[in-house]
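The numbering of the sequence shown is the working numbering, which starts it at 6 and goes up by one.
No residue lacks a Cβ here, since even glycine has one placed at the ideal position from N, Cα and C.
All values derive from a computational prediction rather than experimental measurement.
First up is the structure itself, then whatever we jot down about it.
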Amino acid sequence: SLNDTIVVFDRIRDNFRKMRKGTVLEIMNRSINETLPRTVLTSVTTLLVVLTLLLAGGEIIKGFAIALLIGVLIGTYSSIFVASPTVLVLGISREDMLPVAKEGAETESDPAP
Numbered sequence: 006s007l008n009d010t011i012v013v014f015d016r017i018r019d020n021f022r023k024m025r026k027g028t029v030l031e032i033m034n035r036s037i038n039e040t041l042p043r044t045v046l047t048s049v050t051t052l053l054v055v056l057t058l059l060l061a062g063g064e065i066i067k068g069f070a071i072a073l074l075i076g077v078l079i080g081t082y083s084s085i086f087v088a089s090p091t092v093l094v095l096g097i098s099r100e101d102m103l104p105v106a107k108e109g110a111e112t113e114s115d116p117a118p
């Protein structure tokens, strides 16, 4: 969940830099749509392994497999449906996501000596 959330937030930041004219909601929606296949594929792969553990594992390992199963499902839900709206609730704006210009840095109009 944490890794997927970081990927979504990184994509949001990248899309803020790429899509200068899009609204915050458009950028968030696009970012989630771009990372959704990766998140689902990762979760399904993990779920297959956990289900195998649950079905083929012994009695001792079944409780652990159930805990992992619940954790993967909740983690996937939170990285898709909770993490990105949290950015909106926190009031993150376009200016917060754009890189800050360093003082004394050369601009394209200033030729190098």
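In three-state terms, what does DSSP make of residue i?
{"i": "R25", "result": "coil"}
{"i": "S6", "result": "coil"}
{"i": "S48", "result": "helix"}
{"i": "I97", "result": "coil"}
Please classify residue i as buried or exposed, where buried requires at least 16 neighbouring CB atoms within 10 angstroms.
{"i": "R25", "result": "exposed"}
{"i": "R16", "result": "buried"}
{"i": "V55", "result": "buried"}
{"i": "I85", "result": "buried"}
{"i": "S36", "result": "buried"}
From what residue to what residue does the alpha helix (DSSP H) around residue i run?
{"i": "F69", "result": "E64 to Y82"}
{"i": "V87", "result": "Segment: none, V87 is in no alpha helix (DSSP H) and carries neither H nor E."}
Cβ contact (3+ pairs, closer than 8 angstroms) linking the segment 75–83 and the segment 36–43
no
Could you tell me whether the segment 93–100 touches the segment 6–15, where touching means 3 or more Cβ pairs closer than 8 angstroms?
no
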